[in-house]
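Encoded as structure tokens, the structure appears first; notes follow it.
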Amino acid sequence: MVAPKNDAATAGTEGQKPLDFIRQIVAEDVAAGVHGGRVATRFPPEPNGFLHIGHAKSICLNFGIARQFGGTCNLRFDDTNPSKEEMAYVESIQTDVRWLGFDWEDRLFYASDYFDRLYRFAVALIEKGKAYVDDQSAEQIRQSRGTLTRPGIPSPYRDRSVAENLDLFERMKNGEFPDGSRVLRAKIDMANANVVMRDPTLYRIRKVAHHRTGDHWCIYPLYDFAHCLSDAIEGITHSICTMEFENNRELYDWILETLEIPDRPRQYEFARLNLTRTVLSKRKLLQLVDEKIVDGWDDPRMPTLSGLRRRGFTPEAIRNFCDRIGVARAQSTVDYALLEHCLREDLNRRAPRVMAVLRPLKLVIENYPQGQTETLEAINNPEDPAAGTRPVPFGREIYIERDDFMVDPPKKWFRLAPGREVRLRYAYFITCTEAVTDPKTGEITELRCTYDPATRGGDAPDGRKVKGTLHWVAAHAAIAAEVRLYDNLFTVDNPAEVAEDKSFLDLVNPEALTVLDGCRLEPGLAAAAPGDFFQFERLGYFCVDAKDSRPGRPVFNRTVTLRDTWAKIKQKQSKS
RNA sequence: UGGGGCGUCGUCAAGCGGCUAAGACACAGGAUUUUGGUUCCUGCAUUCGGAGGUUCGAAUCCUCCCGCCCCAGCCA
Numbered sequence: 000m001v002a003p004k005n006d007a008a009t010a011g012t013e014g015q016k017p018l019d020f021i022r023q024i025v026a027e028d029v030a031a032g033v034h035g036g037r038v039a040t041r042f043p044p045e046p047n048g049f050l051h052i053g054h055a056k057s058i059c060l061n062f063g064i065a066r067q068f069g070g071t072c073n074l075r076f077d078d079t080n081p082s083k084e085e086m087a088y089v090e091s092i093q094t095d096v097r098w099l100g101f102d103w104e105d106r107l108f109y110a111s112d113y114f115d116r117l118y119r120f121a122v123a124l125i126e127k128g129k130a131y132v133d134d135q136s137a138e139q140i141r142q143s144r145g146t147l148t149r150p151g152i153p154s155p156y157r158d159r160s161v162a163e164n165l166d167l168f169e170r171m172k173n174g175e176f177p178d179g180s181r182v183l184r185a186k187i188d189m190a191n192a193n194v195v196m197r198d199p200t201l202y203r204i205r206k207v208a209h210h211r212t213g214d215h216w217c218i219y220p221l222y223d224f225a226h227c228l229s230d231a232i233e234g235i236t237h238s239i240c241t242m243e244f245e246n247n248r249e250l251y252d253w254i255l256e257t258l259e260i261p262d263r264p265r266q267y268e269f270a271r272l273n274l275t276r277t278v279l280s281k282r283k284l285l286q287l288v289d290e291k292i293v294d295g296w297d298d299p300r301m302p303t304l305s306g307l308r309r310r311g312f313t314p315e316a317i318r319n320f321c322d323r324i325g326v327a328r329a330q331s332t333v334d335y336a337l338l339e340h341c342l343r344e345d346l347n348r349r350a351p352r353v354m355a356v357l358r359p360l361k362l363v364i365e366n367y368p369q370g371q372t373e374t375l376e377a378i379n380n381p382e383d384p385a386a387g388t389r390p391v392p393f394g395r396e397i398y399i400e401r402d403d404f405m406v407d408p409p410k411k412w413f414r415l416a417p418g419r420e421v422r423l424r425y426a427y428f429i430t431c432t433e434a435v436t437d438p439k440t441g442e443i444t445e446l447r448c449t450y451d452p453a454t455r456g457g458d459a460p461d462g463r464k465v466k467g468t469l470h471w472v473a474a475h476a477a478i479a480a481e482v483r484l485y486d487n488l489f490t491v492d493n494p495a496e497v498a499e500d501k502s503f504l505d506l507v508n509p510e511a512l513t514v515l516d517g518c519r520l521e522p523g524l525a526a527a528a529p530g531d532f533f534q535f536e537r538l539g540y541f542c543v544d545a546k547d548s549r550p551g552r553p554v555f556n557r558t559v560t561l562r563d564t565w566a567k568i569k570q571k572q573s574k575s
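Read in order, the letters of the first sequence are residues 0 to 575 in numbering that gives the first Met the number 0.
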């Protein structure tokens with residue numbers, strides 16, 4: 000088996016999708032034999048929250064590049080801040096990466112695995128005279144760092160001897176000093192125009208237990224020190240991160256150069272994903288969870304991978320979305336409609352069709368023999384003939400969607416109305432003879448209709464046409480279910496942009512969740528298992544809720560609606 | 001007022017000095033349709049943030065200007 004190392008040479012030259020700028024760099028490096036032609040990437044989440052659709056972009060990029068260039072991609076937890084990180088998050092992250100369809104094989108790593116080596120690297124830096132222990136308080140360090148326009152001033156402890164620094168650093172490690180009393184700093188340049196380079200902190204004292212190393216350490220390295228060295232330790236060739244780390248690249252390079260790391264990794268930055276009508280900052284997502292605006296990280300309204308999964312998104316759709324959005328350095332906000340498009344594209348191809356009535360309206364077919372029932376044949380998936388057909392029971396009393404009947408319909412209405420004839424899908428043509436209303440409320444309680452026995456299956460032998468086709472469920476055979484209708488969590492394009500006296504929480508869409516009970520489903524759905532997905536004809540794609548659904552008490556989540564051109568027509572009509 | 005980035009259709013995004021500035025989503029029309037779904041056609045940037053310049057030729061090179069994003073955690 001030959002590793003597809005020449006993907007680099009051929010990709011983009013035969014009318015395929017052009018390579019993004021990072022893949023171009025990788026392809027050039029491979030062609031030039033940089034790192035011996037080896038490609039190694041990593042996905043480095045901090046286990047302090049759940050993964051979201053923005054992480055999916057990074058996961059697809061890193062694992063995708065490894066796959067494409069015959070390289071490897073590691074999963075590495077960036078767990079250098081024990082006060083924020085939890086084991087529960089490392090579990091969920093692994094579940095999500097695997098669900099998305101990627102495999103790190105035996106390359107599961109933790110920055111905390113390297114604490115010993117990192118400590119020795121720090122000692123080496125001190126020995127080179129490139130790091131020192133600073134006794135100043137956090138506040139003093141902040142004060143002396145200067146501002147964006149004014150240089151900082153050196154710490155009074157900056158010129159301690161190597162011996163003293165070594166002694167102090169070791170005693171920091173041994174727990175001799177209280178939290179916050181001292182830090183290890185790189186000795187670079189307090190006047191550097193890049194603030195990151197003004198003697199950045201490398202280690203801090205934090206006497207808290209780490210979720211993996213327990214009480215073994217009381218000093219912990221900071222991101223800038225740990226990340227580049229973790230990359231180097233793992234032999235990463237291309238260290239891909241988001242744009243906000245661009246300023247940190249100078250420090251990334253300084254540390255590896257100063258420590259004389261051979262064959263060092265290079266950092267490349269790309270623009271993080273923004274999506275309309277959603278928030279993707281960890282702080283905001285945590286706030287939605289903590290303030291119980293949503294029901295946990297896996298609430299189907301959340302843009303987390305666990306939320307999307309529970310909502311019914313497929314990994315295929317998400318991966319395809321990540322392929323389509325591209326990778327570039329320009330700030331960008333992708334239209335949520337593209338995500339929905341990718342979802343529908345996948346579900347349309349694969350979802351079995353089924354009939355379900357969400358807001359039932361009873362309909363009695365007066366000329367259909369009392370007590371008679373029959374079985375009709377329905378197509379499971381018109382996109383996939385191999386999916387076959389299924390039997391669907393029919394009878395004198397059925398339920399149709401309340402929305403499918405109007406007493407006084409507007410123009411272009413194809414559905415049922417008094418005197419109108421429509422088709423019941425796979426069944427018969429029916430004509431509405433009467434709408435029975437409750438004299439007190441005026442609400443329609445029942446429809447009376449007649450059917451044409453000659454139209455069995457849905458075709459009229461006389462060639463007569465009807466404009467509308469309705470879905471329905473036979474009353475005698477229907478099963479009941481709860482259905483949860485989901486919509487965008489925010490109705491505005493950019494929830495991050497709020498008036499100063501308001502919070503993004505004020506922009507949460509109160510109609511993002513509508514719970515419907517007493518929905519009527521065709522009987523075959525009784526066998527549906529958690530995670531199964533379907534198209535409820537004419538309504539949308541739905542899946543069995545993985546958490547709350549029970550046999551005999553099914554709960555379905557609406558993943559996404561079907562495209563609805565009638566809604567558009569209606570909207571246009573109401574405007575004009 | 002320092003440093004680092006970025007500006008190509010409503011939204012993403014190709015383009016890397018020389019064919020009419022790809023493609024996708026969105027949007028607008030139309031055809032087919034037993035899902036107002038799917039599918040299929042058609043349309044959608046005489047112009048690349050702006051102004052100058054170099055060149056036979058500029059979205060691509062140069063200069064200046066404008067706008068937006070990131071950086072002053074012992075977070076990542």
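Glycine included, every Cβ here is placed at the ideal spot set by N, Cα and C.
- Between P302 and H51, the C-beta gap is smaller than 8 Å, which places the two residues in contact.
- Collapsing the DSSP output to three states places C217 in coil.
- The DSSP assignment places no complete run of the alpha helix (DSSP H) inside the region 450–475 (cut-off: 4 residues).
- E315: member of the alpha helix (DSSP H) spanning P314 to I324, first to last residue.
- The three-state secondary structure of T212, taken from DSSP, is coil.
- Across the set I260, A327 and D112, the C-alpha of I260 shows the shortest separation from the C-alpha of L124.
- A distance below 8 Å separates the beta carbons of E420 and T430.
- Contact between I254 and L287 is ruled out by a C-beta separation of about 36 Å, above the 8 Å threshold.
- Shown here, Y251 sits in a helix according to DSSP, grouped into three states.
- Using a Cβ distance threshold of 8 Å, L512 and A355 do not count as a contacting pair.
- Put simply, the backbone Cα of R552 is about 19 Å away from that of A473.
- Contact between the region 190–209 and the region 244–251 is present: three or more C-beta pairs spanning the two stretches fall below 8 Å.
- For the region 330–393, the continuous alpha helix (DSSP H) assignments of 4+ residues that do not extend past its boundaries occur at 335–349, in sequence order.
- Distance from the Cα of L285 is smallest, within the candidate group L250, R424, W471 and Y88, for Y88.
- Of all alpha-carbon atoms in V491, K410 and Q142, the one lying nearest the alpha-carbon of T277 is that of V491.
- In the structure shown, the three-state DSSP call for Y118 is helix.
- For E496, there is no enclosing alpha helix (DSSP H), since its DSSP letter is neither H nor E.
- Counting C-beta pairs with one atom in each stretch, the region 92–105 and the region 299–319 have three or more that are closer than 8 Å, which means they touch.
- Between the region 64–71 and the region 315–329, the count of Cβ pairs shorter than 8 Å is below three; the stretches do not touch.
- In the three-state reduction of the DSSP assignment, G441 falls in the coil class.
- Going by beta carbons, A185 and K127 fall outside the 8 Å limit.
- With fewer than three CB-CB distances shorter than 8 Å, the region 521–539 does not count as touching the region 358–373.
- Taking one beta carbon from each stretch, the region 434–442 and the region 450–464 have fewer than 3 pairs nearer than 8 Å; the two do not touch.
- G53 is not a Cβ neighbour of L338, given a cutoff of 8 Å.
- Straight across, the Cα-Cα distance linking E499 with E138 is about 28 Å.
- If you check the CB distance, F428 and A459 come in under 8 Å.
- With three or more CB-CB distances shorter than 8 Å, the region 559–567 counts as touching the region 533–545.
- Bridge partners of A480 according to DSSP: C518.
- Sorting D297, S111 and I21 by C-alpha distance to the C-alpha of Q266 places I21 at the top.
- Using a Cβ distance threshold of 8 Å, D77 and H215 do not count as a contacting pair.
- The beta carbon of L484 sits closer than 6 Å to those of T513 and R557, all from its chain and outside the five residues before and after it, given in chain order.
- For D166, the uninterrupted alpha helix (DSSP H) run begins and ends at V161 to K172, by DSSP.
- Linking C59 to V326 through their CA atoms gives a straight-line distance of about 11 Å.
- For L360, the closest alpha carbon among the candidates Y335, I443, Y425 and R424 is that of I443.
- Looking from the CA of C217, the closest CA among F503, F176, R309 and P417 belongs to F176.
- At least 8 Å separates the beta-carbon of V207 from that of F168.
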